[in-house]
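Participant:
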Amino acid sequence: MQTTVAPTPHVRWRGLAITIASLLAIGFATLLPEPGQSMRQHSCLVCGSFGGVDAFLNVLLFLPLGIGLALSGIAGRRALLAVCGLSMVIETAQFLVIPGRDSTLGDVITNTIGGALGFGLVRYSLILLRPTPRIATILTIGWSATWLSIQSISSYGFAPSLPDSRYYGQIARAIGKLALFEGRVISARVDDVAIPNWAFADSRPIRRALLNGAPVVAMVIAAGPTRGMAPIVRVADAEQREIVVLAQQQRNLLFGIRTGADVLRLRRPMFALRNAFPSGDVDDGPIATDVLRLSGRYFAGEVTMSAQTALATRHRREPVTTSLGWTMVLPFNWIIEGTHEEFVVSCIWTASWLIPFGYWAGRMAADSTAAGIARHWRLVFLVLLPVAVGLIMIPRAFGLPAASLSEWLCGLAGLIVGGALATRVTGGNESHQPRSSVAARPAAATSPEAG
Numbered sequence: 023m024q025t026t027v028a029p030t031p032h033v034r035w036r037g038l039a040i041t042i043a044s045l046l047a048i049g050f051a052t053l054l055p056e057p058g059q060s061m062r063q064h065s066c067l068v069c070g071s072f073g074g075v076d077a078f079l080n081v082l083l084f085l086p087l088g089i090g091l092a093l094s095g096i097a098g099r100r101a102l103l104a105v106c107g108l109s110m111v112i113e114t115a116q117f118l119v120i121p122g123r124d125s126t127l128g129d130v131i132t133n134t135i136g137g138a139l140g141f142g143l144v145r146y147s148l149i150l151l152r153p154t155p156r157i158a159t160i161l162t163i164g165w166s167a168t169w170l171s172i173q174s175i176s177s178y179g180f181a182p183s184l185p186d187s188r189y190y191g192q193i194a195r196a197i198g199k200l201a202l203f204e205g206r207v208i209s210a211r212v213d214d215v216a217i218p219n220w221a222f223a224d225s226r227p228i229r230r231a232l233l234n235g236a237p238v239v240a241m242v243i244a245a246g247p248t249r250g251m252a253p254i255v256r257v258a259d260a261e262q263r264e265i266v267v268l269a270q271q272q273r274n275l276l277f278g279i280r281t282g283a284d285v286l287r288l289r290r291p292m293f294a295l296r297n298a299f300p301s302g303d304v305d306d307g308p309i310a311t312d313v314l315r316l317s318g319r320y321f322a323g324e325v326t327m328s329a330q331t332a333l334a335t336r337h338r339r340e341p342v343t344t345s346l347g348w349t350m351v352l353p354f355n356w357i358i359e360g361t362h363e364e365f366v367v368s369c370i371w372t373a374s375w376l377i378p379f380g381y382w383a384g385r386m387a388a389d390s391t392a393a394g395i396a397r398h399w400r401l402v403f404l405v406l407l408p409v410a411v412g413l414i415m416i417p418r419a420f421g422l423p424a425a426s427l428s429e430w431l432c433g434l435a436g437l438i439v440g441g442a443l444a445t446r447v448t449g450g451n452e453s454h455q456p457r458s459s460v461a462a463r464p465a466a467a468t469s470p471e472a473g
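In terms of this note's numbering, the sequence shown is residues 23 to 473.
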């Protein structure tokens, strides 16, 4: 089976343009100096606190380069060597001459994987876009595993993960480059466990309380907005891993707890309660000097935050669902505020993972050899069942709520879009005829035997 043909000149020019644009983007993303000190370990595969994010972004960064090389007509082995060689040159430059950059073996591997993936998407585009029903079934099964893996990673990333180690309390401490909380902390506790400004005598009660969903409560007197994130109450362990934090950022209250995202070296979810603190203006009156009762709670897949004074209360409840998984792989920290924009992105995230399902299911349904009932049962077991497992059973296994109606509708939209795209692609079976056999017919007609 021949999966590619020599690209036409205009396709080559497109490939060249994509390749040049990709090289410029890669250079901009990797060859500019950054503030800070480079890591000393270079042989690691997943490196640093956000190594999982870096690996994901490296694959995405080099994927267009592989697409451009494939469209340019370069052979697969040469393209792979070119991507790997480019990555090695970049990592060497980062190690020798570019300050603040981390040069690691893991970057070389993930960069090469990204380029190879992009090249493969183009090289096998006929198989992916116009598969026979049999191949479509295989692709559907493979994507089912991908979908369930994504849902498992997202669910685990939002599940609390607290190490059994020695904990230390930190009250309004100056920590690294974070802002300093200039107000006064009157008291801080988790349930009935007081948070000291030093090591806990016994870390087991606070760990147990946090795992059971006990709220973190702090009584403070604010001092106006902060410029950046200023920790108010923070618990860390002996390895400097942050366990839980209540912080102020401008006028917002931030709350976060250690989750599986930290274990996977992704970005931990951080939640915000907007305008929880006074602005410091005269119009605030006595509120600016009132005692604020701040609390944050993470329990049963839901975050609850509140800020209360004698005169007013602000409160927020935010369900934590797998549709927010995109927040863990961004190149920057994202504070979850429950906005409409977040809802739209979350819907797109869920639908995007299910579009291939709908597409290959539509191609699979084109199998005329299967009876109607058998065809329908195959769609149920290979598509609808994995979708339901990913939206209901996997989140519940990690203590998260099952997908809401809106998430189901977003997922259904993805399936419908994929199915609609499948119906627009015609000639699926004909595209898999070997081109060599078509080219052989004129030759056979002019052979001596034919005469």
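Backbone N, C-alpha and C fix where the C-beta goes; we use that ideal spot for every residue, glycine too.
All values derive from a computational prediction rather than experimental measurement.
1) Relative to the C-alpha of Ala-334, which residue among Cys-106, Thr-344, Thr-343, Ala-298 is closest?
2) Nearest-angstrom Cα distance between Leu-401 and Ala-383?
3) For Tyr-190, which three-state DSSP category applies?
4) Tell me the DSSP bridge mates of Asp-259?
5) Here's the rule I'm using: 16 or more other beta-carbon atoms within 10 Å means buried, otherwise exposed. How should Pro-55 be labelled?
6) For Met-292, count neighbouring Cβ atoms within 10 angstroms of its own Cβ and tell me buried if that reaches 16, exposed if not.
7) Which residue's Cα is closest to the Cα of Ser-187: Val-105, Glu-261, Glu-364, Gly-433?
8) Is Glu-363 buried or exposed, if buried means 16 or more other CB atoms sit within 10 Å of its CB?
9) Could you tell me the alpha carbon to alpha carbon distance between Val-68 and Leu-233, rounded to whole angstroms?
10) Span of the alpha helix (DSSP H) holding Gly-137?
11) Roughly how many whole angstroms lie between the Cα atoms of Ile-197 and Val-257?
12) Sort Ile-96, Trp-375, Val-366 by Cα distance to Leu-38 and report the nearest one.
13) Please return the same chain residues whose Cβ sits closer than 7 Å to the Cβ of Gln-411, not counting the five positions on each side in sequence.
14) Less than 8 Å between the beta carbons of Gly-140 and Ile-89, yes or no?
15) Leaving aside the five residues before and after Gln-173 along the sequence, list all residues of the same chain whose C-beta is less than 6 Å from its C-beta, in chain order.
16) Could you name the residues that DSSP lists as bridge partners for Pro-253?
17) Give the list of continuous alpha helix (DSSP H) stretches no shorter than 4 residues that lie fully inside the stretch 282-343.
18) Per DSSP, which one or two residues make a beta bridge with Val-411?
19) In whole angstroms, what separates the C-alpha of Pro-121 from that of Leu-352?
20) Tell me which same chain residues have a C-beta within less than 7 Å of the C-beta of Ile-377, skipping the five on either side of it?
21) Opposite Pro-55 in the DSSP bridges: which residues?
22) Give the single residue among Ser-328, Arg-296, Glu-113 whose Cα lies nearest to the Cα of Asp-247.
23) Tell me, which residues are paired with Phe-277 by DSSP?
24) Among residues of its own chain, excluding the 5 on either side of Val-81, which ones have a beta-carbon nearer than 6 Å to its beta-carbon?
25) How would you label Val-409, buried or exposed, when you count the other beta carbons within 10 angstroms and need 16 or more for buried?
26) Between which residues of its own chain and Val-405 is the CB-CB distance below 7 Å, once the five residues before and five after are set aside?
27) Please check the pair Ile-254 and Ala-240, which I expect to be a contact at CB under 8 Å, by giving their CB distance rounded to whole angstroms.
28) Just how far apart, CA to CA, sit Ala-231 and Ser-225?
29) Contact defined as beta carbons within less than 8 Å: I believe Asp-124 pairs with Gly-179. What is the distance between those atoms, to the nearest angstrom?
30) Determine the contact status of Gly-74 and Ser-183, defining contact as a CB-CB distance below 8 Å.
31) How about Gly-98 and Arg-145: are their beta carbons less than 8 Å apart?
32) Could you spell out the range, first to last residue, of the beta strand (DSSP E) harbouring Ala-210?
33) Does Arg-34 come out as helix, strand or coil in the three-state DSSP assignment?
34) Which value, in whole angstroms, describes the spacing of the CA atoms of Val-242 and Gly-205?
35) Is the separation between the beta-carbon of Leu-202 and that of Ala-252 shorter than 8 Å?
Facilitator: Inspection of the coordinates gives the following:
1) Of Cys-106, Thr-344, Thr-343, Ala-298, the residue nearest in Cα terms is Ala-298.
2) Annotation: Leu-401 to Ala-383 spans about 7 Å, alpha carbon to alpha carbon.
3) Annotated three-state conformation of Tyr-190 is strand, per DSSP.
4) Asp-259 is bridged by DSSP to Tyr-189.
5) By the neighbour-count criterion, in which a residue is buried when 16 or more other Cβ atoms sit within 10 angstroms of its Cβ, Pro-55 is exposed.
6) Counting Cβ neighbours within 10 Å, Met-292 comes out buried, since at least 16 surround it.
7) Taking each of Val-105, Glu-261, Glu-364, Gly-433 in turn and checking the Cα distance to Ser-187, the smallest one comes out for Glu-261.
8) When all chains shown are included, Glu-363 counts as exposed.
9) C-alpha of Val-68 to C-alpha of Leu-233: approximately 28 Å in a straight line.
10) Here the alpha helix (DSSP H) through Gly-137 covers 127-145.
11) One C-alpha to the other measures close to 12 Å.
12) Closest in C-alpha terms to Leu-38, from the list Ile-96, Trp-375, Val-366, comes Ile-96.
13) It is worth fixing the name first, because residue 411 is Val in this sequence and not Gln. Leu-170, listed in sequence order.
14) Annotated as proximal: Gly-140 and Ile-89, with beta-carbon spacing under 8 Å.
15) Same-chain partners within the cutoff: Thr-344, Gly-412, Ile-416.
16) Partner(s): Ala-269.
17) Taken in chain order, the complete alpha helix (DSSP H) segments of 4 residues or longer contained in the stretch 282-343 are 282-285.
18) Answer by DSSP bridge pairing: none, since Val-411 is not bridged.
19) Going by the C-alpha atoms only, they are around 23 Å apart.
20) Sequence-distant partners of Ile-377 (beyond 5 residues in either direction) whose C-beta falls short of 7 Å from its own C-beta, in its chain, are Gly-436, Val-439, Gly-440.
21) Assignment of beta-bridge partners to Pro-55 by DSSP yields no partner.
22) The sequence shown places Pro at residue 247, rather than the Asp named in the question. Ranking the options by Cα distance to Pro-247, first place goes to Arg-296.
23) Partner(s): Leu-268, Phe-293.
24) So the list reads Thr-132, Ile-135, Gly-136, once near-sequence residues are dropped.
25) Per the 10 Å Cβ criterion, buried.
26) Counting only Cβ-Cβ distances below 7 Å, and skipping sequence neighbours, we find Thr-162, Phe-379, Ala-383.
27) With 8 Å as the limit, Ile-254 and Ala-240 qualify as a contact, their Cβ atoms being about 6 Å apart.
28) Cα-Cα distance, rounded: 10 Å.
29) For Asp-124 against Gly-179, the beta-carbon gap comes to about 22 Å, at or over 8 Å, which does not count as contact.
30) Cβ atoms of Gly-74 and Ser-183: not closer than 8 Å.
31) It is a contact, given that the beta carbons lie within the stated cut-off.
32) Element bounds for Ala-210: 206-212.
33) Arg-34 sits in a helix when the DSSP states are folded into three classes.
34) Their Cα atoms are separated by approximately 7 Å.
35) Yes, the pair counts as a contact, with Cβ atoms nearer than the cut-off.
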